[in-house]
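Inspection log for the structure reproduced underneath, given as structure tokens.
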Amino acid sequence: GQNIDQPTEMTATEGAIVQINCTYQTSGFNGLFWYQQHAGEAPTFLSYNVLDGLEEKGRFSSFLSRSKGYSYLLLKELQMKDSASYLCAVRSDSNYQLIWGAGTKLIIKP
Amino acid sequence: DTGVSQNPRHKITKRGQNVTFRCDPISEHNRLYWYRQTLGQGPEFLTYFQNEAQLEKSRLLSDRFSAERPKGSFSTLEIQRTEQGDSAMYLCASSLASQGEQFFGPGTRLTVL
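Dropping the structure here:
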């Protein structure tokens, strides 16, 4: 079967660093995406990894290990506006469809 | 605004009624996707189009659901004989190609009473 696991909820403090993990078991792999979704809004693209390693983009970084079926999203210098759900999605290598995790709700406290 | 747009943003209907939603993708994008999302869950894939061709439908998509993209531009999603379990956010996304990132519209929130 196909499975993507993320923690349901995390809490962090403004100005701190938080790491959101994602593990996946899929029948094929053609890249992993992270999206941010604020309550009541559509998901917005954050990052894409297809090769092992770290991709850095400003305050956000994403890491991928294909052999371990593991990724994380690292958020630095947290701001209150970072309170949102963070969705991990794996793209299939057969039909290029995205398989989505349930998302991690991140709560930022002052 | 050149992003993905969806109409209506909200729809309240009574059980048994038919509803239709519209999605206008980013103009140069040839792939268009429909998803359904319920609270606390990730998007569930419903169907997608490459240009005007509907290439795949999820098993979630019962015969009450139908989608079209007649000219390869905008798309409509129709739900016939709505049920309370159809209440969800319906998201549309588009991408330039199979390998491209998907850009999402704001969604249509459906409430079936």
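Protein chains in written order, with my numbering: chain A, 7 to 116; chain B, 19 to 131. Beta carbons are placed, not taken as given, at the ideal position from N, Cα and C, and that holds for glycine. Note that the coordinates shown come from a computational prediction; the quantities given were computed from them, not determined experimentally.
Determine the direct distance from the alpha carbon of residue j to that of residue i, and round the result to whole angstroms.
i	j	result
arginine 127 of chain B	valine 24 of chain A	31 Å
leucine 80 of chain A	phenylalanine 66 of chain A	6 Å
asparagine 3 of chain A	glutamate 70 of chain B	This structure does not reach residue 3 of chain A, given that chain A is present from 7 up to 116, and the question cannot be answered.
phenylalanine 69 of chain A	glutamine 98 of chain B	43 Å
tyrosine 51 of chain B	threonine 94 of chain B	11 Å
glycine 14 of chain A	serine 91 of chain A	In the sequence as displayed, the identity of residue 14 of chain A is threonine instead of glycine. Spanning the two alpha carbons is a distance of roughly 9 Å.
glycine 59 of chain A	alanine 45 of chain A	30 Å
phenylalanine 35 of chain A	proline 116 of chain A	38 Å
threonine 17 of chain A	glycine 58 of chain B	16 Å
aspartate 88 of chain A	serine 23 of chain B	24 Å
glutamine 55 of chain B	glycine 21 of chain A	31 Å
glutamate 61 of chain A	asparagine 25 of chain B	35 Å
glycine 90 of chain B	glutamine 68 of chain B	8 Å
proline 182 of chain B	arginine 87 of chain B	Residue numbering for chain B in the displayed model covers 19 to 131; residue 182 of chain B lies beyond these limits and cannot be assessed.
lysine 2 of chain A	glutamine 85 of chain A	Nothing about residue 2 of chain A can be reported from this structure: the residues present for chain A run from 7 to 116 only.
threonine 19 of chain A	isoleucine 114 of chain A	5 Å
Since residue i sits in a beta bridge, which residues does DSSP pair it with?
i	result
glycine 59 of chain A	A/Leu70
asparagine 9 of chain A	A/Gln31
aspartate 42 of chain B	B/Ser23
histidine 28 of chain B	B/Arg127
lysine 75 of chain B	B/Thr65
glutamate 96 of chain B	B/Thr38 and B/Ser84
arginine 49 of chain B	B/Gln68 and B/Ser113
alanine 18 of chain A	A/Ile114
Roughly how far, in whole angstroms, is the beta-carbon of residue i from the beta-carbon of residue j, given that I think they are within contact range, below 8 Å?
i	j	result
threonine 32 of chain A	aspartate 11 of chain A	Wrong, their Cβ atoms sit about 12 Å apart, outside the cutoff.
phenylalanine 121 of chain B	serine 113 of chain B	7 Å
proline 49 of chain A	leucine 93 of chain A	6 Å
leucine 64 of chain B	serine 45 of chain B	That pair is no contact at about 22 Å.
key: Within the segment 84 to 115 of chain A, ranges of the beta strand (DSSP E) (whole runs, at least 3 residues)   = 90 to 97, 104 to 106 and 110 to 115
task = Could you tell me whether the segment 91 to 104 of chain B touches the segment 19 to 36 of chain B, where touching means 3 or more Cβ pairs closer than 8 Å?
result = yes
ask   = If you pair each beta-carbon of the segment 53 to 64 of chain A with each one of the segment 99 to 116 of chain A, do three or more pairs fall below 8 Å?
value = no
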